[in-house]
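Peer 1: Going left to right, the sequence shown walks through residues 2 to 168 as the working numbering numbers them.
C-beta atoms are modelled at their ideal positions from N, C-alpha and C, and glycine is treated no differently.
Everything numeric in this text was worked out from a predicted model, so none of it was measured.
Attaching a single structure in structure tokens format; questions to follow.
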Amino acid sequence: VENTLFKVPRYLLETSSAVLADLIAEASSSQDESTSIALPDVTSADFEHLLTFLYPLYAPHPPCSPKIARNPPTDSPCLLFSAPQWIAILRLSTRFRMTALQALAMRLLSTHITDPLTKIRLGREYEYTPWMREGFVRLCLREEMVSVGEAEGLTKEEVVMCAKARE
């Protein structure tokens, strides 16, 4: 990943993602036991966040499960990650079809992301309508108008829709 070699046990990668399992199997068939795979378009920082979640060094509770994510204790592994780290985890869990982790990241990000434009952007990127809806509602109900800079992140139709809703 970006000329960085990550040496990790294959087990969780293979069991968490059919995509990664296929990549590892393909690479294993042509090389020795120390198999390496290239992950183009993946940043080393994003991959490190994913690995930190999958292979925690300190786990005071069981791994961050959906049950823990709904009401995490104060020292839960769910709370050890910032919103940008969860976005990185969401990006890679979506790419590698890690559906349980993707759902967990979406659930946690739903409460962590308060900026309406970020919700709209992520909702559009991950085809998650509730985030788009919530982002537009917040954008239209807030006191200040949509700025020129903010409008650049929206389509013309979305800017007109917000203007109409504010009238």
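Need the endpoints of the alpha helix (DSSP H) that Pro159 sits in, please.
Peer 2: Reading the sequence shown from its first residue, position 158 is the one you call residue 159. First, the amino acid is wrong: residue 159 is Glu here, not Pro. That run of the alpha helix (DSSP H) goes Lys157 to Arg167.
Peer 1: Exposed or buried, which one is Ser94 when buried takes at least 16 other CB atoms within 10 Å?
Peer 2: Counting from 1 along the sequence shown, the entry for residue 94 is found at position 93. So Ser94 counts as buried.
Peer 1: Please name the residue in Leu52, Ser45, Glu126 and Asp116 whose C-alpha comes closest to that of Phe137.
Peer 2: As a working note, residue 137 is residue 136 in the sequence shown. Out of Leu52, Ser45, Glu126 and Asp116, Asp116 has the C-alpha closest to the C-alpha of Phe137.
Peer 1: Throw me the rounded Cβ distance for the Met107 and Ile121 pair, which I believe falls under 8 Å.
Peer 2: On the sequence shown, residue 107 is found 106 positions in, with the first residue counted as 1. On the sequence shown, residue 121 is found 120 positions in, with the first residue counted as 1. The pair is not a contact, with the Cβ atoms about 15 Å apart (cut-off 8 Å).
Peer 1: Run the CB neighbour count on Asp47, radius 10 Å, all protein chains shown included, and call it buried at 16 or more, exposed below.
Peer 2: For the purposes of this step, residue 47 is taken as residue 46 along the sequence shown, with counting starting at 1. Its Cβ being crowded by 16 or more others within 10 Å, Asp47 is buried.
Peer 1: Roughly how many whole angstroms lie between the Cα atoms of Pro41 and Leu142?
Peer 2: Taking the sequence shown and counting its residues from 1, the one referred to as residue 41 is at position 40. Taking the sequence shown and counting its residues from 1, the one referred to as residue 142 is at position 141. Each residue's Cα considered, the two are about 41 Å apart.
Peer 1: Would you give the residue range spanned by the alpha helix (DSSP H) that Asp47 belongs to?
Peer 2: Locating residue 47 in the sequence shown gives position 46, where the first residue counts as 1. Start and end: Ser45 to Leu55.
Peer 1: Quick one: grab the DSSP three-state call for Pro41.
Peer 2: Mapped onto the sequence shown, residue 41 falls at position 40. Of the three classes helix, strand and coil, the one that applies to Pro41 here is coil, per DSSP.
Peer 1: How long is the line joining the alpha carbons of Glu126 and Ser111, rounded to whole angstroms?
Peer 2: Residue mapping note: residue 126 aligns to position 125 of the sequence shown, counting from 1. Residue mapping note: residue 111 aligns to position 110 of the sequence shown, counting from 1. Between Glu126 and Ser111, the C-alpha separation is close to 14 Å.
Peer 1: State yes or no: is the C-beta of Leu118 within less than 7 Å of the C-beta of Gly154?
Peer 2: Here residue 118 corresponds to residue number 117 of the sequence shown, with the count starting at 1. Here residue 154 corresponds to residue number 153 of the sequence shown, with the count starting at 1. Yes, they are a contact pair.
Peer 1: Let me know the secondary structure DSSP gives Tyr12 once reduced to three states.
Peer 2: Counting from one through the sequence shown, the residue named residue 12 turns up at place 11. Tyr12: helix per DSSP, three-state reduction.
Peer 1: What are the boundary residues of the alpha helix (DSSP H) that Ile90 is part of?
Peer 2: As a first step, residue 90 is located in the sequence shown; it is residue number 89 there, counting from the start. Ala84 to Arg96 is the span of the alpha helix (DSSP H), which, as asked, contains Ile90.
Peer 1: Measure how close the beta-carbons of Ser45 and Glu3 come, nearest whole angstrom, since I'm counting them as under 8 Å.
Peer 2: Here the question's residue 45 lines up with position 44 in the sequence shown. Here the question's residue 3 lines up with position 2 in the sequence shown. At roughly 4 Å, the Cβ-Cβ gap stays under 8 Å, so Ser45 and Glu3 are in contact.
Peer 1: For Ala26, count the other beta carbons within 10 Å of its own beta carbon; 16 or more makes it buried, fewer makes it exposed. Which is it?
Peer 2: Within the sequence shown, numbered from 1, the residue matching residue 26 stands at position 25. Answer is exposed; the Cβ neighbour count stays below 16.
Peer 1: Could you tell me which of Ala22, Thr156 and Arg139 sits nearest to Arg167, measuring between CA atoms?
Peer 2: Position 166 of the sequence shown, counting from 1, holds the residue named residue 167. Checked all of Ala22, Thr156 and Arg139; the closest Cα to Arg167 is Arg139.
Peer 1: Taking only three categories from DSSP, how would you classify Val138?
Peer 2: For this step, residue 138 is matched to residue 137 along the sequence shown. Reduced to three states, the DSSP call for Val138 is helix.
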